[in-house]
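Single-structure report; data block below.
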Amino acid sequence: MMPKPVSRRPDSDRGSALVIMLVVVMLAALVVVPMLEFGAAMLRFERVTSNKSARIEAVKGALRVAMADPASLYQRSCPSYSQMWTASSGLELADTLAGSDAVRTGCELIGTATADFGGRLANALIAAGVTAPEGTQGATYLTPDPASISTWFDSDHAADTPSEGKIWLPQLPARTMIERPEVTGWAMPSDYGNCRVFFPGTYRAPITLTSGRVYFASGTYYFEAPITVDGEVEVVVGEGATPGCASDQEAAFDALAPPAEHGINGLGATFVLGGAARLVLSTSGADVEQTVVFNQRYVARDDVSLRSSHRVSIMTVNGELTTPATPADLYRAGDLHVPLSTVAGTTPGSITAHGYRPSTRLAIAPRYVDYGGSEPVIKISYGYQSLGVLRVAGYVAIPQGFISLSKSLPRSGSLAAFDGGVLAAAAVEQPGVVKSPSVMTISLQAPVVQKTLLLTAVTTSGAPQTVSRLKVQVNANGAFEVNSWTLE
């Protein structure tokens, strides 16, 4: 059988196929290569964009972290911009506000606002014949002679709101009716350390604090028995510029077996002292360190029942009972005259209707002793080589009581500072067993209550360098408002 012949394409067909293949390759080169180059360019662009986005988020994140705790931010010392990151400023990389090795954040103080005291008189010591202690600063009213013991509270000299050139005689806030039998406070969980908290209300039994850290949540407190701080204790009264071992929110939510009503209101706290109540601070022993701080009290202006406690830290219920149910002015001829307190409201109320009792801690002769006729409403005793610190940011209005400080060569740094001014019958600093420098100051400071800060976060390596700036107003109590936020 003969094999089948193989057919062959003409040479012209093979040439045409080759031409077509060349055309296809050329077309592919013209289309695919640019597409590959485009894809590579897009990958490079995406990498650059991703890096830029990461750097933007890094600086933004640094500023968010810086603003996570506005109250702590307020406490920082911010240098000028030119010194923001110099070695002398103390704000080098290890001490940045927030960020990582690739981002550092600094702050610049660009403005402050101070409290407005309405031009009121700084201090008034109104018992006949008393003198101001060495540490008294600012305009102080003193009763000129025994015949004028009633003059200080007439309309020419005093007002129930801060007024230009006048003594401020505040009304009482409405009493927080919640009865608090718990004289040891409420424990916080172990991760708060040795921390106990108290809540606003009425306390009729004595309170004694001898160790650990204690926080009084913001609001008004009414006491009818002594509050004693004796020994190594750290006490913060009300939320504010000085942080306590807990905040208002933490106390309300985290306290163990908390009360059904926490009673927290406003910001900061006011102690109202009635009956036998008084504040006693004492230290003894070379290693004892005690700190008691009253943060400034703030109340909304439209809260008519509580606004009289605005910027008041400690006050007494004034007057006396002539019968068990009849209150009247406190009057001691030639010595002391204090009008009966009223309670703030749309219509001023009586102390008996609100369940208040006048203070029985009277600055009547003989004064300045803890026996005989009178006992101080605020008694401070700092022992030998102990450290005692009392700082009261708000007003102290105890016109029928007095302040007594005794000391026996306490450690350097000890102080009793009444920064919001004092209205009292008298204030005295006893020399103590060993004479030592004065540690008590009575003044009307105009504290900074708001700072305007410029926070700047900068990437410190790579390219492009990314900068974010945040201008913010921060209050001493931690409230804040962002004015502007830019990226460069």
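The opening position of the sequence shown corresponds to residue 235 in the numbering used here, with each subsequent residue numbered one higher.
Every residue, glycine too, gets a C-beta built ideally from N, C-alpha and C.
Here the structure is a predicted model, which is why all the values come from computation and not from measurement.
Handout entry: Runs of beta strand (DSSP E) wholly within the stretch 408-470 (minimum 3 residues, chain order)
Key = Here the runs fully enclosed are 429-432, 435-437, 441-443, 446-450, 453-457, 461-464.
Handout entry: CA-to-CA distance, M422 to F432, given in whole angstroms
Key = Each residue's Cα considered, the two are about 11 angstroms apart.
Problem - For M255, three-class secondary structure by DSSP - result: If DSSP states are grouped into helix, strand and coil, M255 belongs with the helices.
Problem - Contained beta strand (DSSP E) runs [length at least 3] in the stretch 519-575, N- to C-terminal order - result: Here the runs fully enclosed are 523-528, 546-550, 554-557, 560-562, 564-566, 570-572.
Exercise for the section: Using alpha carbons as the reference points, say which of V471, Y629, T476 lies closest to S543. Expected result: Scanning V471, Y629, T476 for the CA closest to the CA of S543 turns up Y629.
Exercise for the section: Give the straight-line distance between the Cα atoms of V662 and V527, rounded to the nearest whole angstrom. Expected result: So the two alpha carbons sit approximately 20 angstroms from each other.
Handout entry: Contact the stretch 446-454 vs the stretch 485-500: 3+ CB pairs below 8 angstroms
Key = Result yes; three or more Cβ-Cβ pairs closer than 8 angstroms.
Practice task
Mind the definition here: the stretch 614-632 touches the stretch 547-556 only if three or more C-beta pairs lie below 8 angstroms; say whether that holds.
Solution key: Touching, yes, given that three or more Cβ pairs across the two stretches are closer than 8 angstroms.
Handout entry: Exposure of Q699, with buried meaning 16 or more beta-carbon neighbours within 10 Å
Key = The residue is exposed, with fewer than 16 neighbouring Cβ atoms inside 10 Å.
Handout entry: Chain-order list of residues whose beta-carbon lies under 6 angstroms from that of R289 (same chain, five-residue window excluded)
Key = Counting only Cβ-Cβ distances below 6 angstroms, and skipping sequence neighbours, we find T693, T700.
Exercise for the section: Return yes when the Cβ of T418 is within less than 8 angstroms of the Cβ of T436, no when it is not. Expected result: Note that the C-beta distance between T436 and T418 is not below 8 angstroms.
Problem - Reduced DSSP category for P644 - H, G, I as helix; E, B as strand; rest coil - result: Three-state DSSP puts P644 in coil, outside helix and strand.
Handout entry: S718 to L297 span [Cα, whole Å]
Key = Going by the C-alpha atoms only, they are around 12 angstroms apart.
Practice task
Mind the definition here: the stretch 511-522 touches the stretch 605-625 only if three or more C-beta pairs lie below 8 angstroms; say whether that holds.
Solution key: Using a Cβ-Cβ distance cut-off of 8 angstroms, the stretch 511-522 and the stretch 605-625 are in contact, since at least three pairs of beta carbons, one from each stretch, lie closer than that value.
Handout entry: Backbone CA spacing between S306 and D537 [nearest angstrom]
Key = Distance between the alpha carbons of S306 and D537: 28 angstroms.
Handout entry: Pairwise C-alpha distance: T586 and T560
Key = When rounded, the distance between both Cα atoms is 8 angstroms.
Handout entry: I290 (DSSP reduced to helix, strand or coil)
Key = Helix, per DSSP.
Problem - Y210, enclosing beta strand (DSSP E) - first and last residue - result: No answer is possible for residue 210: the residues shown for the chain start at 235 and end at 722.
Handout entry: Candidates L689, E413, A697, G654, of which the one nearest S677 by Cα
Key = In terms of Cα proximity to S677, the closest of L689, E413, A697, G654 is G654.
Handout entry: 8 angstroms Cβ cutoff met for S518 and G617
Key = Yes. Within cutoff.
Problem - Near the ligand ZN: I614 beta-carbon under 7 angstroms from a heavy atom - result: As for the ligand ZN, it is missing from this structure, which has no ligand bound.
Problem - Under 8 angstroms between C-beta atoms of S648 and V626 - result: A distance of 8 angstroms or more separates the beta carbons of S648 and V626.
Practice task
Report all residues from its chain with a CB closer than 6 angstroms to the CB of G446; omit the five preceding and five following residues, and keep chain order.
Solution key: Apart from the 5 residues on each side of it in sequence, G446 sits with its Cβ closer than 6 angstroms to the Cβ of N428 in its chain, given in chain order.
Practice task
With Q483 as the anchor, note down where its alpha helix (DSSP H) starts and where it stops.
Solution key: Per DSSP, Q483 belongs to the alpha helix (DSSP H) from 482-488.
Problem - Distance, L596 Cα to F636 Cα - result: Going from the Cα of F636 to the Cα of L596 covers about 8 angstroms.
Problem - Segment limits, beta strand (DSSP E) that includes K613 - result: Where K613 is concerned, the enclosing beta strand (DSSP E) stretches over 612-616.
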